[in-house]
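Peer 1: Let me begin by handing over the structure; questions about it come next.
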Amino acid sequence: MICVIVRAVPDLVEGLEIEERDVRPYRYIANELDEYAVEHAVSLKEKYNERVEVIGIASEDAYDEIDESLYMAIAKGVDKAYKVKIPKTTSYKIADALSDFLKKFDIILTGTLAVDEFYGVLGATIADKLDIPYVGGVRSIEIEGDSVIVKKELGGGAYLVLKVKKPALFGILSLEKPPRYVPISKLRSVMRSAEIEELKVKVEEDVLDVRFLEPPKPEVEFIDGDPEEVAEKLAEIIRGLIS
Amino acid sequence: MVEVLSESYQNKFGYEGLTRCYQCGNCTAICPVSDGRFPRRLIAHLRWGRIERFDEVWLCLQCKLCDEFCPRDTNPSLAMQTLKRISVENGSVPPHIGEFLMNVYRRRNPWGHSRMKRGEWMKDLNVPTVKDCEFDWLWFVGCANSFDSRVLGVTEKIARILNELEISYAVLGRDEGCCGNDVKRIGEDGLFELLMEENFKVFKRYGVERIITHSPHCYNTFKNDYNIEVKLFLELLHDFINDGSVELKHEFKKVVTYHDSCFLGRYNNIYELPREILRSVPGLKLVEMRSNRRTSICCGGGAGNIAVGYQGKVQPSILRVKEALDVNADVLAVACPFCKIMLEEASKSVNCNLKVLDVVDIVYHSMYGEGL
Amino acid sequence: MRVGVYICHCGFNIAGFLDIDELVRYAESLNDVVIVRDYRFMCSNPGQELIRDDIEKLNLDRVVVAACSPNLHEATFRRVLSESGLNPFFLQIANIREQCSWVHSDKVKATEKAKRIIRSAVERVKHHTALESKRVNVIPRVLVIGGGIAGISASLLIAEAGVEVYLVEREPTIGGNMAKFDKVFPTLDCAACILTPKMTAVKENPNIKLYTNSEVVEVRGSVGNFKVKIRVKPRFIDEDACTGCMECVDSCLYYPTIPSKFDEKIGFRKPIYMPFPQAIPNTPIINPDECLYFITNKCPMYCEDVCEADAINFEQEERIEEVEVGAIVIATGYKLFDPSEISEYGYGRYKNVFTALQVERMLNSTGPTGGRIVVNGREPERVAIVHCVGSRDERYRRYCSRVCCMYSLKLAHLIKERTNAEVYNFYIDMRAFGKGYEEFYRSVLEEVKVVRGKVAEITDIPMNDDERREVERGRVIVVFEDTLLGRVERIPFDMVILSPAIEPSDGTKELARILKVSLDENGFFREIHPKLAPTVVAPGIFVCGCAQGPKDIQDSVAQAESAAGQALSMINRGFVELEPTTAYVDEEKCSGCGMCVPVCPFQAIEVVSVNGHVRARIDESLCMGCGVCAASCPSRAIRHRLFESETIRAEILSLL
Amino acid sequence: MILVYAETFEGKISDVTFELLRKARELGDEIWTVVIGNAEIEGLGASDKVIHVEGERFNNPALHRYVLRKLIEKYKPKKILIGNTPIGIDLALGIMPTLVSCVDLDSKAKVVSYGGKVFVEVEFEGIYLINRGSFEPLKVDGEVEVEKVSIDVDKEIELLDVIKPEVDVDITKADVVVGVGRGAQNIVDLAEDLAESLGGVVGASRPLVDQGILPPSRQVGRSGRTISPKLYLALGISGAMEHVEGVKAKNVIAINKDRKAPIFRISRYGVVGDVEEIVPLLLERLR
């Protein structure tokens, strides 16, 4: 049985308001890598006839907005969707709270990282909590008996091929082919008929002492002079940047 | 792999032209992006209910040129739309189309820009919004005109002209959605309905009864799918030029050729309006390209291809630019933001001095002697 | 009243769908019905015998046959009644086939409908009164309109039977389009060699009165008795005096710069001209719109000077001749669809795009090029022949023009014969259906390239620069998909020949109006029955050749002779029987208002004085029973036999 | 004590390790560098001690997190510095807090988050996953004490294969990309030379690909590839949105005739001038 963890994260396209102690998103959206994980899970279902469940994690503000993504997952073929409301907290507390629920799955997938995640890595943390193997940066998954064969990206076009004994948790980084498209009519009919079960789990609050800042805006620095001079300066800069 | 369509599929999608097709190949021969047998063979397959290569259908730009040449009223473009609908229903759309659809679904524009930023273009322009005034006309700006840097200039000029003419209008700003024209051409009817419902809700909320728009894409769907009163900005401009409210004072001494947008031309039979406007610009010499009016070729931006550019081997935009060069035009005039985006890009690719301008750019120049 | 109802199974056509037993039971329950019978084929002899027996034994005085459309067997059953001593008009046909069993999908509902149809027929027939048919004598002369191969064939056959023929031709010569051809398929006979003897025979036959340069302008009357007005336009040369020496044409100072219609505008002529050397009548003609004498009045008139026969007569005027005939044969032929309508084919824009007829003229030894194929002064190296130009095309002409495949192949063969060109034929479907056609097609396949695919575009603009070099100097590029290979190609040609659709000749609509006959959806004359009466348009009016629809020469001739035969048959019998179902005037009620006069399409009504009162009078020999007058009469004074108000009322009430 | 994780690939220590050592040195504490698996221990002179966990089995980077966990339990370091790389990311642990996308750590750690839209300052002690390029590398040759440690890991993760990058140019993985646009279409050869001298590859804007000057695999942008090199040298590219969206380079240097060209908006350095003039001169100097 496979479980996918989908987190609601700030929709970065729509922008954020940065306050010193808080970041206020205008909208939430499912973490893109988590959606990739759904895609992998559905492929596994199609290929190996595995049951797939998905659990959505969302804060109070995003609690309704996560629904769409869960319905989308159902429309893609996921068998069952749950969701959990979480307070302001960290990956560690979430992992504590969910480990009980996740025990029964033998493959757990989630995005390698979430866009707003900087304190802890949820997948890795849960794996450690459950004491099962963890591999992040995964691009492809195959099931072979009681093991799973994954391809892990190393960057630069290099990959590791790993054989991992189930149960295990994988952080997904990419897809081999683009995600399937869910026709909106199908999505809407799923929204009318399917149900999302609310999971009653107590997640502890955990507030970090952090300051949020605007990133510095790089200003372009024009290099002036005659071509010879420009070339000279440029060469120097380039050497500096690539060394 | 042959996919067999059940009869119910064919019935469900209600495409009736098939039995008329006698496989003459006119559609294929005239299609600027055909690979040699598209779309004729697909129609033959569709007729049998067995499709060999479904993905071929995404070559189609829904430009309707084949319909114009079809001797049997088969409407191949409608057949392609039907096949696309089947593909969408099966969830098998090519990545670039999937991206387009998801962008429209999530962000209500083809490029996935922030919905919040839809009104950003009007920052310093004194454009009234539906929330702060009474208005006769809703100016539906459209996605391209709201977001794409290559046509934002046109949007600004339209705003200035509307203001100067004291038209009672307003825009929706952040509340504006996507009209869904190209979503419909792709065959994503579910999404189209969603957009239409949403737009109607917004129109109702602000008491919108009549729409002006510059984009032929919006114009087409409002007119033919929404059945709401809609006027092209160019129609307005044409009227004002005729009654003297708009004075075209400044000469534009250029050889101009006009590129017909599919959605103005073949979809709505508007061929002469932009030409008449251009002819009224002093100094301007209008010449016609080899394919013009009903036989005009597409810019390659229709049916969802505007988001990432046309993915076929043949770029119709480049063919079009070459046609314009063949008649020694200085300026390729367009009346559609999509055409402008695609053709400007193509003129860069061909590496020529052909300037791609919107009719609005030219009129604005002739009114104020600036803006080019 | 004693009504017999006869329900026909028509094999499975009716019985396979309607519940016959139910219908029988129902009919039996109707008032005044004394007998109901059903039978497999009521129109067969045993079926007819059933009715005859019953009339005799059961003393029936009204009969209802529930079967097919009255168009098919009303006459049959009327004869049955009349043979049994009953007035034939005591019959009513209940159409439960075309109007019921063939057109519905719900058997139960259809049976219910059939019941109503039968009931209304029964109610109606009870109101029928006895009517007597009238006879009209047939004038033993025939009008043939159109002097092409069809008109010529019809005229000759009739004239040879000793019957007088008026042959009216709009052009200055007879011969029609066939006279323009070089050779004909599939035999490759020389067209002139087989046509001109017939043309001469027309000229020489004393029974044929030939009107060329003339038009039919009015036709009154009806079958057996038509009064026809013919406008004879002046030729300005006396046909009887002229010897056909052509001195006048040679002497005319005008240069031959006027595009010749006969040469399809690729040849040129003077204002005085003979369309072609073997023209009949063999007399030149002067076009007053072009002749200097008429335009400026300052012409030295060399033509008059050189004419030894003194045939030139500038004083000739248009005249109207009236003739009376018993039958009319329409043979007005066809013209070619104008391919310049299809702008993407560039006809009229490109000098090397021609129509098939233009090429016929080029190939003809009497044509403008003396039989040589030349384009821009050179023999073409590559020639395209495009089939189906405008034919089978929803945008232009929907129908198949039937002869294009064959004449296109013929042209391909002739071009191969005369030049070294490479010839391509572009077709959609190759239709070689006639006797000897397939063999001809096969032989042509050996010499030309045949491509399946409709030409999409003909252009002189090359796709890219490489092509531009190749096609320079006056070539045009044909764009098409070879649908058998699934490949789009662009081939440059020196000459493109379009094979345009055949369409009704100019003035067909006007003639139909004059004759009060109808045209089909494509503008050709509509025959009474496409299978069983293909040459009959209306009583006494026959059609043949391409006026009825596109066809080749052999079919045109066959049809012409069929039309001639029909006309002769009528004349031979000497009379026609008229339907008594005409309109008549109740003089008591008529106010003489005259409303009915203009509405009658047959000019059968006039207002006359009867005993000092103004009254409408209907000439029943002219009345075709259309009923328009009855409907228009404000005082309901005009009534219609068999369609009396009471009859119709009874029929309608029984349906409600 | 600060633990620095030395990332290795095929027995060689990766560059990012030396960047971490620079920072570790600055922090002034004792530095232990951990090398796991068979590797050539080289250039680690900046550390006080090298812990080398040997074993054929540990050539599998996927097991390193379990080794590291045991080392933490054993040595209890205050800080652990790890490169934020595809291998490093797996080393985030449940037993010790991890800070991801860290770019600096002094009194407070600085983190780039929210897709680069927000900087976060946090007081932190634990595992730092530090972005590449945050610090100058510090590679010191010389003797260093190596302590071999043997550790047992019970997790069953088996390395089946290592797939090496294909020879074909992959612009998404290159550290340096020289982008050519319409303004540079006549000097594509020079751009190739320039890229070669910088150890990079040539990418292109859409018009050049459309013209067939370069294959589609080289296209940068929305309809092409997204690249994230250290340096993107944009030659004659105006910077249409289509293109710019595919550029996630850390540093962009643009050469363009038009001072208003949008490419300068994402550039760190800009040159207003003719590429055909400047590129040959630049190439001379870089060779």
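Here the protein sequences line up with chains A, F, L and S, keeping their order.
Converting from the first sequence to the working numbering requires adding 1 to each position, the first position being numbered 1.
Converting from the second sequence to the working numbering requires adding 796 to each position, the first position being numbered 1.
Converting from the third sequence to the working numbering requires adding 6 to each position, the first position being numbered 1.
Converting from the fourth sequence to the working numbering requires adding 1 to each position, the first position being numbered 1.
Each residue gets a CB set at the ideal place from its N, CA and C atoms; glycine is no exception.
1) Ends of the alpha helix (DSSP H) at Lys1136(F)?
2) Out of curiosity, what's the CA-to-CA distance linking Leu961(F) and Ala955(F)?
3) Buried or exposed for Ser1011(F), please, with buried defined as at least 16 other CB atoms from any protein chain shown within 10 angstroms of its CB.
4) Determine, for Met797(F), whether the minimum Cβ-Cβ distance to residues of chain L falls below 9 angstroms.
5) Ignoring anything shorter than 3 residues or poking outside the region 34-113 of chain A, list the beta strand (DSSP E) runs there in chain order.
6) Buried or exposed for Met797(F), please, with buried defined as at least 16 other CB atoms from any protein chain shown within 10 angstroms of its CB.
7) Tell me which residues of the region 118-133 of chain S have at least one Cβ-Cβ distance to chain A shorter than 7 angstroms, keeping chain order.
8) Would Asp985(F) pass as an interface residue toward chain A - the criterion being a Cβ-Cβ separation below 9 angstroms?
9) List, in order along the chain, the chain F residues whose C-beta lies closer than 8 angstroms to that of Asp399(L)?
10) Opposite His646(L) in the DSSP bridges: which residues?
11) Please classify His619(L): is it buried, with 16 or more other beta-carbons within 10 angstroms of its beta-carbon, or exposed?
12) Below 8 angstroms on C-beta distance, what does Pro208(S) contact in chain A?
13) Would you check if there are 3 or more beta carbon pairs closer than 8 angstroms linking the region 644-660 of chain L to the region 22-33 of chain S?
14) Could you tell me which residues DSSP pairs with Glu222(A) in its beta bridges?
15) Indicate the three-state DSSP secondary structure (helix, strand or coil) for Ile159(A) in the structure shown.
16) How is the beta strand (DSSP E) around Arg125(L) delimited, first residue to last?
17) Quick one: grab the DSSP three-state call for Asn1016(F).
18) With burial defined as no fewer than 16 other Cβ atoms inside 10 Å of the residue's Cβ, what is the status of Val280(S): buried or exposed?
19) Closer than 7 angstroms between beta carbons: that is the criterion. Which residues of the region 1125-1158 of chain F meet it against chain S?
20) For Ile238(A), return the contacting residues in chain S, with the cut-off set at a CB-CB distance below 8 angstroms.
21) Would you grab the beta carbon distance between Val204(A) and Ile95(A) for me? Rounded to a whole angstrom, and I think it's under 8 angstroms.
22) In angstroms with no decimal places, state the Cα-to-Cα distance between Cys251(L) and Cys309(L).
23) Would you say Val884(F) reaches chain A, if we count a Cβ-Cβ gap shorter than 9 angstroms as a contact?
24) Would the beta-carbon of Ile326(L) fall within 9 angstroms of that of Val238(L)?
25) Where does Val605(L) land, buried or exposed, given buried means 16+ other C-beta within 10 angstroms?
26) Give the residues from the region 826-858 of chain F that approach chain L closer than 7 angstroms (Cβ to any Cβ), ordered along the chain.
27) Would Cys4(A) be called buried (16 or more neighbouring beta carbons within 10 Å of its own) or exposed?
28) Between the C-alpha atoms of Val456(L) and Arg493(L), what's the straight-line distance to the nearest angstrom?
29) The region 1088-1113 of chain F: which residues have C-beta closer than 7 angstroms to a C-beta of chain S, in chain order?
30) Taking only three categories from DSSP, how would you classify Trp844(F)?
31) Take Ala6(L) and list the residues in its own chain whose beta-carbon comes closer than 6 angstroms to its own, dropping the five residues that flank it on each side.
32) So, at 8 angstroms on beta carbons, what are the nonlocal neighbours of Ile73(S) in its own chain, with the 5 sequence-adjacent residues on each side left out?
33) What three-state label does DSSP hand Pro230(S) in the structure shown?
34) To which residues of the same chain is Val178(S) closer than 8 angstroms at the C-beta, ignoring the five residues directly before and after it?
35) Could you tell me whether the Cβ of Thr951(F) comes closer than 9 angstroms to any Cβ of chain L?
Peer 2: Reading from the atomic positions:
1) 1133-1146
2) 10 angstroms
3) buried
4) Since pLDDT at Met797(F) reaches only 43, below the 50 mark, its modelled position is unreliable, and no value is offered.
5) 53-60, 81-87, 108-112
6) With a pLDDT of only 43 at Met797(F), under 50, the local geometry of the prediction cannot be trusted, and the value read off the model is given with reservation. When all chains shown are included, Met797(F) counts as exposed.
7) Lys118, Val119, Phe120, Val121, Glu122, Val123, Glu124
8) yes
9) Pro867, Arg868
10) Ala589(L)
11) exposed
12) Within chain A, no residue comes near Pro208(S); the closest Cβ sits about 23 angstroms away, beyond 8 angstroms.
13) no
14) Tyr270(S)
15) Note that residue 159(A) is Ala in the sequence shown, not Ile. Reduced to three states, the DSSP call for Ala159(A) is strand.
16) It is not in any beta strand (DSSP E) - Arg125(L) instead sits in the alpha helix (DSSP H) that spans 113-131.
17) helix
18) buried
19) Glu1141, Lys1144, Ser1145, Asn1147
20) Ile254, Tyr270
21) 6 angstroms
22) 12 angstroms
23) yes
24) yes
25) exposed
26) Ile826, Ser830, Gly832, Arg833, Arg836, Arg837
27) buried
28) 15 angstroms
29) Val1104, Gly1105, Gln1111
30) helix
31) This structure leaves residue 6(L) out entirely; chain L is present only between 7 and 662.
32) Leu4, Ile81, Leu94, Ile96, Met97
33) coil
34) Ile172, Ala196, Gly201, Val202, Val203, Gly204, Val221, Ile228, Pro230, Leu232, Tyr233, Leu234, Ala250
35) no
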